[in-house]
Amino acid sequence: MIRDRSRNLLRSADMAIAGARQRAAHGEPAIVTVGDVTRVARQHYGYLFVEREEAAAALRQRYEAADCRVDCMTDAFN
Numbered sequence: 290m291i292r293d294r295s296r297n298l299l300r301s302a303d304m305a306i307a308g309a310r311q312r313a314a315h316g317e318p319a320i321v322t323v324g325d326v327t328r329v330a331r332q333h334y335g336y337l338f339v340e341r342e343e344a345a346a347a348l349r350q351r352y353e354a355a356d357c358r359v360d361c362m363t364d365a366f367n
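Taking this note's numbering, the leading residue of the sequence shown gets 290, the next gets one more, and so forth.
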């Protein structure tokens, strides 16, 4: 169950990053927030509560894996 939650939060982070990239104007950085990850987790997986640090950790991991430093900004490292 914990592993499922971790995997779902990572997927939520991936979806949040993809959504931010789609919304970004040409030449502008994508802005993906911890709140975006929480919202996706709630909408797609039905999680009523996700701790900020839990969502931030998932976003940091996927941000690095997706090479987001090139074209994204986030609040996950604050």
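For every residue, glycine included, the Cβ atom is placed at its ideal position computed from N, Cα and C.
Remember, predicted model here, so these are calculated numbers, not experimental data.
Contact check, residue i vs residue j, beta carbons under 8 angstroms
i: Ala330; j: Tyr336; result: yes
i: Asp293; j: Ala309; result: no
Boundaries (first-last residue) of the beta strand (DSSP E) holding residue i
i: Ala319; result: 319-321
Beta-bridge partners of residue i, as assigned by DSSP
i: Met287; result: No answer is possible for residue 287: the residues shown for the chain start at 290 and end at 367.
Residue i, enclosing alpha helix (DSSP H) - first and last residue
i: Gly308; result: 291-312
Which of helix, strand or coil DSSP assigns to residue i
i: Glu340; result: coil
i: Asp356; result: coil
i: His333; result: helix
Rounded Cβ spacing between residue i and residue j (contact assumed at less than 8 angstroms)
i: Ile306; j: Tyr352; result: 7 angstroms
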